[in-house]
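Visitor:
Residue numbers (this note's numbering): 11 to 311.
Listed below in structure tokens is the structure:
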């Protein structure tokens, strides 16, 4: 039992050490370098010099300002990249190009050293403290003119075994991707297997109709739930039977009931104990104010 525990412990330790030893691609990568520029890319001053391409190997914007570029391992702070320049803020998976022309007064991206194709060229990028190494590369002597040295895929320095992938590149791509994918394999496969677009059409229609059916079922379930809740509330108040009874009466029945109630109300009279009859006075004058009735009448002779 103890031997088994020791074996498991040693296996875990070996796995941990192997994972720790495995090389990882750094945040900043010296991606591509041209030492001898005879007929290639020119700077803003129309000059051809060697150049150094640095790649932001992350998915966030990083600032190169305050870091150091050098060609001397004994002088890590040889060229301090100026702070405060908005151009040193490199977007995710993008590049920055520095000219090795020994003309630092020409701008932020002109370093104070040159490259020499007759010897090995050491290039390193250091952190703001001037001690922490971010990335380094050695360009071997004898690199042909107008050729670059770097990594075939942007930011990928090592293979699965930890071996460096730096090599002379076939394509010269300053401030651009070293590996250019001209075609999407998935698109090519779909175009080959479905040349007239039947599969994509049916798939699109199925997605739409399935979405509509799903929405119908959801809204129907919501409606049934609301109806059940309403019925439970009515039943708890004791009025469910009355509501159901009223719901069975048609419009004709309700009209007949209303007419019968109206006729019944019209036939109702109060109990009359005295009858008072009022005759209309046909005279157009008031007899109460007539002096004719106040005169004394003499008898006939």
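A virtual CB, placed ideally from N, CA and C, is assigned to each residue, including glycine.
Out of curiosity, what's the CA-to-CA distance linking residue 144 and residue 120?
Guide: Against the chain shown, residue 144 aligns to sequence position 134. Against the chain shown, residue 120 aligns to sequence position 110. Cα to Cα, residue 144 sits roughly 20 angstroms from residue 120.
Visitor: Just to confirm before moving on: does the CB-CB distance between residue 59 and residue 103 stay below 9 angstroms?
Guide: Here residue 59 refers to the residue found at position 49 when the chain shown is read from its first residue. Here residue 103 refers to the residue found at position 93 when the chain shown is read from its first residue. For residue 59 and residue 103, no; Cβs fall outside 9 angstroms.
Visitor: With DSSP run on the structure shown, which of helix, strand or coil describes residue 97?
Guide: Locating residue 97 in the chain shown gives position 87, counting from the first residue. Note: residue 97 maps to helix in three-state DSSP.
Visitor: Out of 158, 84 and 122, state which residue places its alpha-carbon closest to the alpha-carbon of residue 91.
Guide: Here the question's residue 91 lines up with position 81 in the chain shown. With distances taken between Cα atoms, residue 91 lies closest to 122.
Visitor: Looking at the secondary structure, which residues open and close the beta strand (DSSP E) in which residue 64 lies?
Guide: Residue mapping note: residue 64 aligns to position 54 of the chain shown, counting from 1. Run containing residue 64: 60-66, per the beta strand (DSSP E) assignment.
Visitor: If we require 3 or more residues per run, which beta strand (DSSP E) segments fall completely within the segment 118-151?
Guide: 131-136 and 143-149
Visitor: From 232, 45 and 74, pick the residue whose C-alpha is nearest to that of residue 95; which is it?
Guide: One-based indexing of the chain shown puts residue 95 at position 85. Nearest of 232, 45 and 74 to residue 95, Cα basis: 74.
Visitor: Helix, strand or coil: how does DSSP classify residue 233 here?
Guide: As a working mapping, residue 233 is identified with position 223 in the chain shown. Helix.
Visitor: For residue 308, collect the residues of the same chain with a Cβ closer than 7 angstroms to its Cβ; drop the 5 residues on either side in sequence, then sort them by chain order.
Guide: In the chain shown, the residue the question calls residue 308 occupies position 298. Cβ neighbours of residue 308 beyond the five flanking positions: none.
Visitor: Tell me whether the beta-carbon of residue 125 lies closer than 9 angstroms to the beta-carbon of residue 81.
Guide: In the chain shown, residue 125 corresponds to position 115, counting from 1. In the chain shown, residue 81 corresponds to position 71, counting from 1. Cβ distance < 9 angstroms, so residue 125 and residue 81 count as in contact.
Visitor: If you draw a straight line from the C-alpha of residue 201 to the C-alpha of residue 214, how long is it?
Guide: Numbered from its first residue, the chain shown carries residue 201 at position 191. Numbered from its first residue, the chain shown carries residue 214 at position 204. Each residue's alpha carbon lies about 16 angstroms from the other.
Visitor: Could you name the residues that DSSP lists as bridge partners for residue 76?
Guide: Along the chain shown, one-based indexing puts residue 76 at 66. Residue 76 is not bridged to any residue.
Visitor: Once the 5 residues before and after residue 169 are set aside, which same chain residues still bring their CB inside 8 angstroms of it?
Guide: Within the chain shown, numbered from 1, the residue matching residue 169 stands at position 159. Contacts found: 175.
Visitor: Are residue 89 and residue 79 closer than 9 angstroms when you measure CB to CB?
Guide: The sequence position of residue 89 within the chain shown is 79, counting from 1. The sequence position of residue 79 within the chain shown is 69, counting from 1. Yes, the pair counts as a contact, with Cβ atoms nearer than the cut-off.
Visitor: I believe residue 138 touches residue 77 by the beta-carbon criterion, under 8 angstroms. Please report the beta-carbon distance rounded to the nearest angstrom.
Guide: Here residue 138 refers to the residue found at position 128 when the chain shown is read from its first residue. Here residue 77 refers to the residue found at position 67 when the chain shown is read from its first residue. Between residue 77 and residue 138 the Cβ distance is about 6 angstroms, and since that is below 8 angstroms, they are a contact.
Visitor: Quick check: what's the CA-CA separation for residue 63 versus residue 185?
Guide: Indexing the chain shown from 1 puts residue 63 at position 53. Indexing the chain shown from 1 puts residue 185 at position 175. Approximately 7 angstroms between the Cα atoms of the pair.
Visitor: Relative to the alpha-carbon of residue 35, which residue among 310, 167 and 209 has its alpha-carbon at the smallest distance?
Guide: Within the chain shown, residue 35 is the residue found at index 25, counting from 1. Checked all of 310, 167 and 209; the closest Cα to residue 35 is 167.
Visitor: Can you check DSSP and say which residues form a bridge with residue 371?
Guide: Here the chain comprises residues numbered 11 to 311, so residue 371 is not present and cannot be evaluated.
Visitor: Which residue wins for smallest C-alpha separation from residue 87, given the options 133, 53 and 239?
Guide: Residue mapping note: residue 87 aligns to position 77 of the chain shown, counting from 1. Ranking 133, 53 and 239 by Cα distance to residue 87 puts 133 first.
Visitor: Since residue 107 and residue 38 are thought to touch, with beta carbons under 8 angstroms apart, how far apart are those beta carbons, to the nearest angstrom?
Guide: Here residue 107 refers to the residue found at position 97 when the chain shown is read from its first residue. Here residue 38 refers to the residue found at position 28 when the chain shown is read from its first residue. Their Cβ separation, rounded to whole angstroms, is 14 angstroms, which puts residue 107 and residue 38 out of contact at 8 angstroms.
Visitor: What three-state label does DSSP hand residue 71 in the structure shown?
Guide: Position 61 of the chain shown holds residue 71. In the structure shown, residue 71 sits in coil (DSSP, three-state: anything other than H, G, I, E or B).
Visitor: Work out the CA separation of residue 152 and residue 27 for me, nearest whole Å.
Guide: Against the chain shown, residue 27 aligns to sequence position 17. Against the chain shown, residue 152 aligns to sequence position 142. With a pLDDT of 47 at residue 27, under the threshold of 50, the modelled position of this residue cannot be trusted, and the question is left open.
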